[in-house]
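Engineer: Would you mind keeping the following structure in view while I ask a few things?
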Amino acid sequence: EPEVTQTPSHQVTQMGQEVILRCVPISNHLYFYWYRQILGQKVEFLVSFYNNEISEKSEIFDDQFSVERPDGSNFTLKIRSTKLEDSAMYFCASSHRGGYTFGSGTRLTVV
Amino acid sequence: DQQVKQNSPSLSVQEGRISILNCDYTNSMFDYFLWYKKYPAEGPTFLISISSIKDKNEDGRFTVFLNKSAKHLSLHIVPSQPGDSAVYFCAAYTSGSARQLTFGSGTQLTVLP
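Protein sequence lines correspond, in order, to chains E and L.
For the first sequence, the numbering used here gives the first residue as 1197, with consecutive numbering after it.
For the second sequence, the numbering used here gives the first residue as 75, with consecutive numbering after it.
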């Protein structure tokens, strides 16, 4: 069964450093997303990407965040200057015709 | 603004019995609903979905019921198995948008052997 693949599975970074989280969505999917889940809280929408541009973003997705689809397969989330409160599980997802598949997540720990 | 609510944080059920997980929503623009199962430190795993034009969808042991007038949906698992123990999230989106999901807060299901 097709999968959404995320790397790395766990990233530890110092406060103020830049991180890039990587995702390979399912190849025939057209919509791509990033979500996050802070420990003990809900899964929250960050951003959606369609037709090579951001289609929606939440209040969480401020100027520190950016997304990119640098080639035909990868979809990345960059956090420019990480803060302690960015520590969370970050999930990539892709969807097409109602099917909506999540990756296994990257646990980001900011110290 | 909790547009999707799961009011029961936990549920325990005996193996072989039915598990019923409930979800309420407030946004009448939602027209597609999904249930996910999630283990700690893993991504949500899709279980079953339903569009607002239907009131029931069944897939094996999983059935989702949608009551649009009450803005309520439920997931029935029968028979429940110990391997079903996980956190269950309901989620919803509006198909005319970028289809971003709004999640409930989850219900921890424990199936006792």
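We put the CB at the ideal spot given by N, CA and C, even for glycine.
1) What are the start and end residues of each continuous alpha helix (DSSP H) run of 4 or more residues lying completely inside the stretch 91 to 133 of chain L, in chain order?
2) Note down, in chain order, each residue of its chain lying with its Cβ closer than 8 Å to the Cβ of S1244/E, except the 5 sequence neighbours on either side.
3) Which chain E residues are close to S171/L, counting only those with a beta carbon under 7 Å from its beta carbon?
4) Classify E1281/E as helix, strand or coil using the three-state DSSP reduction.
5) Assign Q1295/E to one of three DSSP states: helix, strand, or coil.
6) With a CB to CB cut of under 7 Å and the five nearest residues on each side skipped, what residues in its chain are close to V1208/E?
7) So, using beta-carbon positions, are S1290/E and I1222/E closer together than 8 Å?
8) If you check the beta carbons only, do I92/L and H150/L fall under 8 Å apart?
9) Counting only the same chain and skipping the five closest in sequence on each side, list residues whose C-beta sits under 7 Å from that of F104/L.
Structural biologist: Reading it off the structure:
1) none
2) Y1227, F1228, Y1229, I1250, S1251, E1252, K1253
3) E1252
4) helix
5) The amino acid at residue 1295/E is misidentified as Gln; the sequence shows Gly. If DSSP states are grouped into helix, strand and coil, G1295/E belongs with the strands.
6) T1305, V1307
7) yes
8) yes
9) A166, Y167, T168
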